[in-house]
Every structure is written in C-alpha cells, then in structure tokens.
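**Q** Chains as they are written, first to last, in full-length UniProt numbering: chain A, 1 to 326; chain B, 1 to 326.
Have a look at this one before I ask anything.
Number of protein chains: 2
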Amino acid sequence: MSDSVAGLGEFGLIEAMTRRSSPGEGVLLGPGDDAAVTAAPDGRVVVTTDLLLEQQHFRRDWSAAGDVGHKAAAQNLADIAAMGARPTAVTVGLGVPPDLPAAWAVEFMDGVRAECEPVGCSVVGGDVVRADTVVVAVTALGDLDGGAPVTRGGARAGDVVALCGRLGWAEAGYRVLSRGFRTPRAVVEAHRRPQVPYDAGPEAARLRASAMCDVSDGLLADLGHIADASDVLIDVDPAAVEVPDQLREVAGALGADPLHWVLTGGDDNALVATFPPETPLPQRWHVIGVVLDAGEQPAGDDAGAAGRVLVGGAAYTEGAGHDHFR
Amino acid sequence: MSDSVAGLGEFGLIEAMTRRSSPGEGVLLGPGDDAAVTAAPDGRVVVTTDLLLEQQHFRRDWSAAGDVGHKAAAQNLADIAAMGARPTAVTVGLGVPPDLPAAWAVEFMDGVRAECEPVGCSVVGGDVVRADTVVVAVTALGDLDGGAPVTRGGARAGDVVALCGRLGWAEAGYRVLSRGFRTPRAVVEAHRRPQVPYDAGPEAARLRASAMCDVSDGLLADLGHIADASDVLIDVDPAAVEVPDQLREVAGALGADPLHWVLTGGDDNALVATFPPETPLPQRWHVIGVVLDAGEQPAGDDAGAAGRVLVGGAAYTEGAGHDHFR
C-alpha cells in the first residue's frame, strides 16, 4: 500500500507531486495556498481548459504517465498559442484511484512540467481527489504581450491558409495502437505526445494573421470552425498538404488512406491560420489553401460548417469532425 | 434520446449550456474560440482550481443540477476571496454520461452562472466531454485590485483570529441527508449551496489581515494550515464560537455534538483570517481566538499541524481534517 496513492495519503501525494517544481519568474505565489498569483503584465489574461478522462482520452496501457502529462499540458498550451499568446501558467486537477501507484501521479506531473517549462510556463496550482479512473483537468493561462488576440472570426476572402506543425501523425499512432502494434515508434510517440510549435502562435499574431486555431479535431473540422466564425469558404489544396513518407508507409500497411489521416486526424495540435495574401511567411508556415467568399460555394453542397471547407474545390465527402457523444 | 446529452450531441449541448450567458464587462472574448480573454487590470491574476466528482463530492439524488453548479462555483470563488481578491472569471470542464438529461447540464451551468454573476464574475470558457459519471472541473480567476494577496503564512503571535460566515451548517445537512432525511431544509440547503461572504475577502485584505483562508476542510483543519504556514500556534476560544440553535436541535435529534460540527465540518466556505490586535473589525467578523507563539505549545502535545491548533488552550482530541484517500 505504501507505493499507492492511498498509502501516501492526500497530503503526501501532493507533496510528492510538487516536490520537483521550481516556480518560474512570472509566478508571484506558487502552489500551497488557497490560490496562486501569477503575473499578467499585459493587463489581459488568456484562459482555456480541457478535461481528459482515462479510456475516453488516453489509455494507461498505451501511454506512460509522463506522456499523459505532456499531452494534457500540450493541448491547453496549444489553445493559448492559437490565440497568439504566450502560455504563462497552468493549474492541474487530478482524480486518482486509491490503488494507483503514487509514481504514476508523480510522473504525470513531471510530464506536465516538462511540457510547460521550455515555453516559460509554470504549474501554479492544482487539486487532487479520489476517483474511480484517472481524471485530468488542465487550465492554461497566457499573456498577449500587448498584441490583439487572433480569433477564429477574422478570415477574409483572398487570405491564404497556412499551416505550421504536423498533421496525421497522432491519428496514425492511434490506428497502430488500436491494431495492437507498438511500432513504428515515430507515429506511436506522436499519439502519446504532440509536438506543438508554440512560438508560431505569437509569431502569427505579429504577422497579423486574420484568424487562427489549433488542429485538435482534425484539419477540415477546425478550418470549418474558422470558416463558420468568419462566414467564408475555405478551399484546401490537397497537393499542397504534405503527406510524409512515414505516414504513407503506415497507412499502406493498414490499408488506409494517409491523406484522410492528414485532413481529418486530430490531436497533433498543429496551428492553422489565415493571413492577408501579401504576408511574407516564415519557412515553417506552409500555404495549404485559400479563403473564398461564402457566395462561391459550389452548387449542390450542403450548407453549414462541413460544407464551408472544400478540398480541391469540391466537398470532401469522407466525413470530418468528431462528436464526443455520437 | 432527444432529451439526453447524447441526443443533443456535443455542439448542441454546448450551445444549450451557453445560450443564456451574457459576458460581463471584464470579458474581452467569451466562450467559443480556442481560449477566452479576460481583463486583468491589476497586472497579476489569482487562480485556483477544484475537481468535483459525482458520488465523491456530490450526489445527484441529494442535490439538484443547479445546486451542484452553485457549489462548484462557490468553492472556487471562496478560494479567490480568501486571497483578498475579487473573482473575475471561471472556466468549467464538465464530463457527462451520454444518458444524462441535457436539462441537467443546462441547469448546472445556470447554477454556476447564478453564483458568479452577483459578484461580477463571468463564465468565460469550458469543455464538455463524455464520462461514466458526472465530473466537474472549475477554475476561477481573480483580481487583487492593487492590493497584496493575503496568504496563509503571515499570522503573528498576538494577532486575533476572526471568522466571517457560517460553520457546521453543511456538515449538519450532510448528516441529515446521510440518515435519509430531507429536512430541516435550512441545513440541507446549506449542504447543497454554501453561503459565502465573498466581499469579506477583499475587505479583510484592506484591513491588512495577516493571514486568511476559507474553511473548506473544517475550522480546525484550515486554521492548522495557517498555523503551519505561519509557524505559530492558534488557540480557539470555544465560548466565542457560535453554535446556532438550529444546529443544536439537529445535533440533538441525531445524538451528535453540534460544537464538533462547527469546529470540524467543512464545505460552508466561511472565511477565517488573522488580524493585528488593534484592527477595528466590521461587525460580521467575529473574534474566535488568538495567535500564540509556536513555543507556547502545551507540553505533551503532538507536534505538527494538528497540534498547532488548540481549543480553549488544550489539544482538541476528537480529530480534525479530512484525507480523501484514507
């Protein structure tokens, strides 16, 4: 029992989970009081939250504790970056079964911290409770450093659509794990820990991106959110969307279409943004499409968000998006 | 199925849950984007988070959806107030079973909002996921309006200990519900929705409270946190602690000690603070004890936080505090 969460007890567990933390420079009051205090130099704070449940969002037999920590942090930090902001602080709520090894909780927190620290973000607070299965609730805060937030609603006809980061990798990893395989390692690792180009978010804001979001639901679904909020059409050029050889190989082995993974797979947390056409884009931003006037929708297509994103000028009919309840 | 969460679908549910919201004046960008943006005029932000799980923290047969929303918000807003801050924004993560009535989720959110709005706080974002039982994760942000945060660590020998708010009521309600009763209504309601004097937090900060926390674990346990963080002893005068007639009656009927409920019952989220002895206290702050030098601990008492809080000059031996895992 001494190695379990129950053996350590609530306060022992919190002590073990926070032992290795050293508050970052923006942390004015770290964990241990009723609340934390963190710097918000901009005078505005960007805030987002995500809930991750065992079985629903991760499996302990597929991902190590550290992986779950990295991923839970990453998907929140990516949301902050997608506003054009710099992540500053996170809080972590953790529900744990009494028989969970205490090391799992400690390694989970180490993963959260390891994802946060390179971007100058700190874990400033949290809550640990008893649960039947592992429950993770992360909230991230960010600072806009004086800039305007980049919403989903500013895309204009004529803008280019550009992508920074990877697509389809996490989906490939998920498919591989679902078939009972543990390799190729690169795609399995991509499922476990997204590689998010966080600083590309503030970069896009400085370049005056007109709209931006992170790709968590899948490229077409997330572009649909931009198209919907901006009341425009978006046309993705399939020839411009990179399909890496490694994804082609994995898809070939599983009898799947790698382009479909790239267009609809979630969880890689790439950043996708629209820019005025004359914007000089840094090399890591790849133009993958254009923004069209909403009136240019091809005849016969469905209305609504799904019909607002075209692939090569036509509706993409293999279905995009994800509804947790259906 | 159309009345269930699954029937409404993820986006329909989010739409139903956010329909009635009107963002407050500090909300610069409300729900619906990757993240929200809220004002932080002070240049610092106070942040706290709590996780509430069905069965563990609330029961749907004991509390209505609106009650759960009120309580989840209240315990986070109380943590913000306990730093001397004014709550500004909350995010809400909600895990729901597919067969949960959609009305439950909507009424839950209405409860969160109804708790927040009177103090000028807004729901700025959230996440809805599928879960086996209801999971609630609330994060609250607050603004210090230029003041210093009141931590647990500043109590000094000679300070008075003062209380604002109710104690023992939620515990009485819990005991009543545990025995299968639904009345007296006043104590049952107290279990369902705490009545927190939020503005007493900033008030105590303006009065230069030396330490403060909210009473969530029980008076003696939470004073133990102050005593521990401040390295002092605290002596509670049992004659100064109000035991309301209604609690006496309920305790009498259940064969319990009402003073024990007042000293150890949690979940009322009263605020307890220490003040320099000459501080002129508003009427709603009741002096209930004094801060002593750590060296004044009676011989033979245990060291540690439990031994740091005395009742009438002696150790309180009926046990205080709560460990979620033991």
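Cβ coordinates follow ideal geometry from the N, Cα and C atoms, glycine included.
(1) Quick one, which of B:V150, B:S178 and B:L310 has its alpha-carbon nearest T274 of chain B's?
(2) In this structure, does DSSP put M17 of chain B in helix, strand or coil?
(3) Within this structure, are the beta carbons of N76 of chain B and V129 of chain B separated by less than 7 Å?
(4) Tell me the residue span of the alpha helix (DSSP H) that contains P258 of chain B.
(5) So C213 of chain A contacts chain B; which residues on that side make the cut at Cβ distance below 8 Å?
(6) With a cut-off of 8 Å on the beta carbons, I'd call D33 of chain A and A170 of chain A a contact; round off their distance for me.
(7) What span of residues does the beta strand (DSSP E) with P202 of chain B cover, start to end?
(8) Counting only runs of 4+ residues fully inside the stretch 5-74 of chain B, write out the alpha helix (DSSP H) ranges in chain order.
(9) Which residue or residues does DSSP assign as beta-bridge partners of H191 of chain B?
(10) Between the Cα of A155 of chain B and the Cα atoms of B:A186, B:G120 and B:M212, which residue gives the shortest distance?
(11) Quick one: measure Cβ to Cβ for G125 of chain A and A35 of chain A, integer angstroms, because I've assumed they're closer than 8 Å.
(12) Could you please tell me which residues of the stretch 65-86 of chain A, in chain order, have their CB closer than 7 Å to any CB of chain B?
(13) Look at the alpha carbon of G111 of chain A and the alpha carbon of E117 of chain A, and state the distance between them as a whole number of angstroms.
(14) Of all the residues that make up the stretch 184-201 of chain B, which are near chain C by a beta-carbon distance shorter than 9 Å?
(15) Can you tell which of A:A89, A:F108 and A:T88 has the C-alpha that lies nearest to the C-alpha of V96 of chain A?
(16) Would you say L51 of chain B reaches chain A, if we count a Cβ-Cβ gap shorter than 7 Å as a contact?
(17) Taking a cut of 8 Å between CB atoms, which residues from the stretch 114-129 of chain A lie near chain B?
(18) From A:V45, A:P238 and A:R59, pick the residue whose C-alpha is nearest to that of T264 of chain A; which is it?
(19) Checking contacts by CB at 7 Å: is G218 of chain A closer than that to chain B?
(20) Check the Cβ of R44 of chain A against every Cβ in chain B and list those closer than 8 Å, keeping chain order.
(21) So, using beta-carbon positions, are V250 of chain A and I288 of chain A closer together than 7 Å?
(22) Determine the direct distance from the alpha carbon of I234 of chain A to that of D217 of chain B, and round the result to whole angstroms.
(23) At 7 Å on the CB atoms, spell out the chain A contacts of A149 of chain B, in chain order.
(24) Mind checking D42 of chain B: buried by the 16 CB within 10 Å criterion, or exposed?
(25) Taking DSSP as the reference, what is the three-state secondary structure of A85 of chain A?
(26) Going along chain A in order, which residues have a C-beta closer than 8 Å to the C-beta of G142 of chain B?
(27) If I'm right that D159 of chain A touches P277 of chain A with Cβ under 8 Å, what's the distance once you round it to whole angstroms?
(28) Please tell me whether R152 of chain A has its Cβ less than 7 Å away from any Cβ of chain B.
(29) At a CB-CB cut-off below 7 Å, which residues of chain B make contact with residue 329 of chain A?
(30) Hey, out of B:E10, B:V90 and B:A78, whose CA is closest to T38 of chain B's CA?
(31) In whole angstroms, what is the alpha-carbon distance linking R185 of chain A and V106 of chain B?
(32) Using a Cβ-Cβ distance cut-off of 7 Å, determine whether A131 of chain B contacts chain A.
(33) Which of helix, strand or coil does DSSP assign to C116 of chain B?
(34) Could you tell me which of A:G295, A:L51 and A:E15 sits nearest to V134 of chain A, measuring between CA atoms?
(35) How many whole angstroms separate the CB atoms of L219 of chain B and V188 of chain B, which I take to be in contact at a CB cut-off of 8 Å?
(36) Restricting to Cα atoms, I'd like to know which of B:E318, B:T88, B:V92 and B:K71 is closest to P258 of chain B.
**A** A quick look at the data gives this:
(1) B:V150
(2) helix
(3) no
(4) P258 to T264
(5) D33 and D34
(6) The pair is not a contact, with the Cβ atoms about 37 Å apart (cut-off 8 Å).
(7) Note, P202 of chain B: premise wrong, no beta strand (DSSP E); alpha helix (DSSP H) at A200 to R206.
(8) 5-18
(9) Its beta-bridge partners do not exist; DSSP assigns none.
(10) B:M212
(11) 7 Å
(12) D79, I80, A82 and M83
(13) 10 Å
(14) The chain inventory of the structure shown lacks chain C, comprising the protein chains A and B.
(15) A:F108
(16) yes
(17) V124, G125, G126, D127, V128 and V129
(18) A:P238
(19) no
(20) L28, V37, T38, A39 and A40
(21) no
(22) 53 Å
(23) The sequence as given places Pro at residue 149 of chain B; Ala does not occur at that position. Per Cβ cutoff of 7 Å: L29 and V37.
(24) buried
(25) coil
(26) A35
(27) 6 Å
(28) yes
(29) With chain A covering only 1 through 326, there is no way to say anything about residue 329 of chain A.
(30) B:V90
(31) 43 Å
(32) yes
(33) helix
(34) A:L51
(35) Their Cβ separation, rounded to whole angstroms, is 21 Å, which puts L219 of chain B and V188 of chain B out of contact at 8 Å.
(36) B:E318
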